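Chemist: Under this note's numbering, think of the first position of the sequence shown as 1, with each following residue one higher.
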Amino acid sequence: MTSLFSVEFEDICLAASRLQDVANQTPVLTSNTLNEHTGARLYVKCENFQKSGSFKFRGAYNTLRQLPDSTSEVLTFSSGNHAQAVALAGNYLGIRPTIIMPRDAPSVKRAATSDYGAEIILYDRNETSREALALNLAKEKDLPIIPPYDHPHIIAGQGTVALELLNMHPNLDMLLVPCGGGGLLSGSALVAHAMQSQTRVIGVEPEMANDATLSFKSGILHTVKNPDTIADGARTLSLGELPFQIIRSFADNIVTVTETAIIHAVKFLWERMKIVVEPTGALGVAAVLSEAVSVEGMNIGVILSGGNVDLPQMASYFRKL
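1) Who pairs with I324 in a beta bridge, going by DSSP?
2) Keeping to the same chain, check which residues put their C-beta closer than 8 angstroms to that of Q267; ignore five residues upstream and five downstream.
3) To which residues of the same chain is S6 closer than 8 angstroms at the C-beta, ignoring the five residues directly before and after it?
4) Evaluate E47 with the Cβ neighbour count: other Cβ atoms within 10 Å of its Cβ, from every protein chain shown; 16 or more gives buried, anything less gives exposed.
5) Output yes or no for whether 9 angstroms exceeds the beta carbon distance between T160 and P206.
6) For G203, would you say it is in contact with chain D, using Cβ-to-Cβ distances shorter than 9 angstroms as the test?
7) Applying the 10 Å Cβ sphere with the 16-neighbour rule, what's the burial state of K139?
8) What's the call for P312, buried or exposed, on a 16-neighbour Cβ count within 10 Å?
9) Can you look up L42 in the DSSP assignment and give me helix, strand or coil?
10) Could you pull the DSSP bridge partners for G203 from this structure?
11) Buried or exposed: which applies to P148, given that a residue is buried once 16 or more other Cβ atoms fall within 10 Å of its Cβ?
12) Roughly how many whole angstroms lie between the Cα atoms of T2 and A16?
13) Cβ atoms of M273 and L34: under 9 angstroms apart, would you say?
14) Could you check whether A231 and A209 sit closer than 9 angstroms to each other, using their CB atoms as the reference points?
15) Going by beta carbon distance, what residues of the same chain come within less than 7 angstroms of G94, once the five residues before and after it are set aside?
16) How about P178 and L185: do their beta carbons lie closer than 9 angstroms?
17) Among L75, L176, A23, which has the Cα closest to the Cα of D142?
18) Taking only the alpha-carbon atoms, compute the straight-line gap between E10 and D115 and give it to the nearest angstrom.
19) In chain order, what residues of the same chain have a beta carbon less than 6 angstroms from the beta carbon of I155, not counting five sequence neighbours either side?
20) Could you give the C-beta distance for P54 and N81, rounded to a whole number, given that I count them as a contact under 8 angstroms?
21) Rounded to whole angstroms, how far is the Cβ of L269 from the Cβ of V277, which I believe are closer than 8 angstroms?
22) Are at least three pairs of beta-carbons, each pair with one atom in the stretch 96-108 and one in the stretch 119-134, less than 8 angstroms apart?
23) Is it buried or exposed, P279, if we count other Cβ atoms within 10 angstroms and call 16 or more buried?
24) From the DSSP output, read off the bridge partner residues of F77.
25) Check whether the Cβ atoms of V204 and G284 lie closer than 9 angstroms to each other.
26) Which residue marks the beginning of the beta strand (DSSP E) containing N299, and which one marks its end?
27) Quick one: what's got a C-beta closer than 6 angstroms to D323's C-beta in the same chain, skipping five residues either side?
28) Less than 9 angstroms separating the beta-carbons of A261 and A292?
29) Is it right to say Q196 is buried, meaning 16 or more other beta carbons lie within 10 angstroms of its own, or is it exposed?
30) In this structure, does DSSP put P279 in helix, strand or coil?
Below, the structure is given as structure tokens:
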């Protein structure tokens, strides 16, 4: 089954073959406590155990793998997880990355990106946009840009998360997916549409960064500048244009959760499931625990998108509860 867009289900299957024996097939965990809290049966796909600490490695590797053999250097922009993913994928493939990162990116993400061998260029979110910087630098240095979400190869790679989950648990009533720029959500929606059309795909984003919700409901691409949310992976200006088209066609809804709900979800995952998840990664669990979605009696898939967390910063959020 194919889509009407430049990403098809077959592209996601091909991405899975490229990632075989490279990316981790991450575990799906369950929790009796979580099930009791929600009255549902939850299957939690743990991309916090993915290489580079998030699902982003899948899209980054799939994209870099398809570049011409002569490519020796690439450019990208990211607040952290895509940066780490491109840096690590570049290590595997012998490609040097230059990463444009905001000065306020989590220190743990900056450190890991640097450790993977990337050159980091810092910028101030309030003074310029990362896209503008990237375009100027790419032109100056004649480098290909690897965008974090608005690219068919990126979306195809991210879709392999849902592909693995639905292969293991094909009878899901609902799939909850964190949403920032929309690469993971659009890829997941394509997979569910092709494999299990009865599975409702719901995006989850912070209430403080609700551009995707506004866009989904209005049909017009909305932007939110520098949203004040602890879920830094969702601090995107807007959905990508291609993800937006796919999400509007194949996703069922997008809901929002409060900052308090996000912190409670991270705390629950740490304390009760014994897994380290970052705020953005916990958006789906936040939606379930805060009842932003109704799940009672259902089989629910939840994607934990990453685990690259600033531990001292997270501890300060816990103290505020």
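Built from N, CA and C at the ideal position, the CB exists for glycine as well.
Keep in mind that this is a model prediction, so the values were computed, not measured.
Modeler: On the basis of the data shown:
1) For residue 324 there is no data in the structure shown, the boundaries of the chain being 1 and 321.
2) Here residue 267 is Lys; the residue named in the question, Gln, does not match the sequence. Hits under 8 angstroms: F318, L321.
3) The residues are P152, L242.
4) Label assigned to E47: buried.
5) Cβ distance not < 9 angstroms, so T160 and P206 don't count as in contact.
6) As a matter of chain content, chain D is missing from the structure shown, which is built from one protein chain.
7) exposed
8) exposed
9) strand
10) V177, I254
11) Under this definition P148 is a buried residue.
12) Its pLDDT being 43, under 50, T2 is placed unreliably by the model, and the measurement read from it follows with that caveat. Whole-angstrom Cα-Cα distance: 16 angstroms.
13) yes
14) yes
15) none
16) yes
17) For the options L75, L176, A23, the alpha carbon positioned closest to that of D142 is the one of L75.
18) Per the coordinates, the alpha-carbon of E10 lies some 34 angstroms from the alpha-carbon of D115.
19) V7, G183, S186, G187
20) Per the sequence shown, the amino acid found at residue 54 is Ser instead of Pro. About 4 angstroms; that satisfies the 8 angstroms criterion.
21) With a contact defined as Cβ atoms closer than 8 angstroms, L269 and V277 qualify at about 5 angstroms.
22) yes
23) With 16 or more other Cβ atoms within 10 Å, it is buried.
24) I100
25) Less than 9 angstroms separates the beta-carbon of V204 from that of G284.
26) 299-304
27) No answer is possible for residue 323: it lies beyond the span of the chain, which begins at 1 and ends at 321.
28) Yes, the Cβ-Cβ distance between A261 and A292 is below 9 angstroms.
29) With a threshold of 16 other beta carbon atoms within 10 Å, Q196 meets it and is buried.
30) Residue state, collapsed to three classes: coil.
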